[in-house]
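Last residue of the sequence shown? That's 145 in the UniProt record's numbering, and every number before it is there in order. Glycine is no exception: its CB is placed at the ideal position from the N, C-alpha and C atoms. Below is one structure; the comments refer to it alone.
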Amino acid sequence: MGETSLRSASESKMIIFQHAVELCRAKNNLVISALTDRYTPDSLFLVMELEHCGENFLAAPSMDIFQSLSLVLQTASALAVAECAFGFEHRDLHLGNWLIRPTEKQWLSYTTRQWRWSIPTFGVQAFLIDFTMSRIQIGQCYIRY
C-alpha cells in the first residue's frame, strides 16, 4: 500500500488552511507549528484530509524516458508554483518522499502570477509527501508543519 498526501485543493477542503492563514496574518510574526516541543496552550493546529497517492518511487515499476521526464517536470512545476504563491520550502526532498500513481489525465496545468504552462503526463502523476520539515511564508508569518 502506498502513502498519503493532501487531497486536491478545492475551496471546501481549504477552509481550515485559509482560516489558519487569516489567523497568521492577524498577528505579527506568528509561527504555526506541529513540532511537539513547541506546543503551547494557544497552539493552532491544521487538519488535512488525506488520500492514497500511489506507490513510493523506489518501489514503482520501471518507466520509459517520457514518463520519467514528466515526473521530474511535474515535481519541479508544483514546487515552483508553491514557492511563488507561498514561499513554500519542502526541505526534505528525496526519492522516498516521491509517490507515483497512474492517471488518465493527459496534461497537468500550472499557473503563477506571470506564467501558465502544461506538462504531458504520459499516464503517471507525481505526489510529494512528508512535510515534517516544510514551511510556508506569508509576509512575515511562517507556518511550519
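Name the two residues that bound the continuous alpha helix (DSSP H) containing residue 150. Absent from the structure is residue 150, since the part of the chain shown begins at 1 and ends at 145.
Starting from GLN125, follow the beta strand (DSSP E) in both directions and report where the run begins and ends. 124 to 128
Is PHE66 closer than 9 Å to PHE122 when the C-beta atoms are compared? yes
Just list the residues that DSSP pairs CYS53 with in beta bridges. For CYS53, which the question treats as bridged, DSSP gives no partner whatsoever.
Taking the continuous beta strand (DSSP E) assigned at ARG101, which residues delimit it? 98 to 102
Three-state secondary structure (DSSP) of LEU108: Per DSSP, reduced to three states, the secondary structure at LEU108 is strand.
Am I right that PRO120 and SER70 are in contact with their C-beta atoms under 8 Å? What's the rounded C-beta distance? 6 Å
Anticipated Cβ contact below 8 Å, ARG91 with SER134, distance rounded: Yes, ARG91 and SER134 are in contact; Cβ-Cβ is about 6 Å, under 8 Å.
The beta strand (DSSP E) that contains TRP115, what's its start and end? For TRP115, no beta strand (DSSP E) run applies, since DSSP gives it neither H nor E.
Closest Cα partner of SER77 within the set HIS94, PRO61, LEU108: LEU108
How would you write the range of the beta strand (DSSP E) that GLN137 sits in, first residue to last? 135 to 138
Enumerate in chain order the residues of its own chain whose CB-to-CB distance from ASN97 is below 7 Å, with the five nearest sequence positions on each side excluded. LEU128, ILE129, ASP130
Are ASN56 and LEU95 touching if we call contact CB-CB under 9 Å? When the beta-carbon positions are compared, ASN56 and LEU95 come within less than 9 Å of each other.
Tell me whether the beta-carbon of ARG113 lies closer than 9 Å to the beta-carbon of CYS141. Judged by their CB atoms, ARG113 and CYS141 are not nearer to each other than the 9 Å cut-off.
Neighbourhood of residue 146 by C-beta, 6 Å cutoff - its chain only, sequence neighbours within 5 removed: Coverage of the chain is limited to positions 1 through 145, which leaves residue 146 absent and any answer about it impossible.
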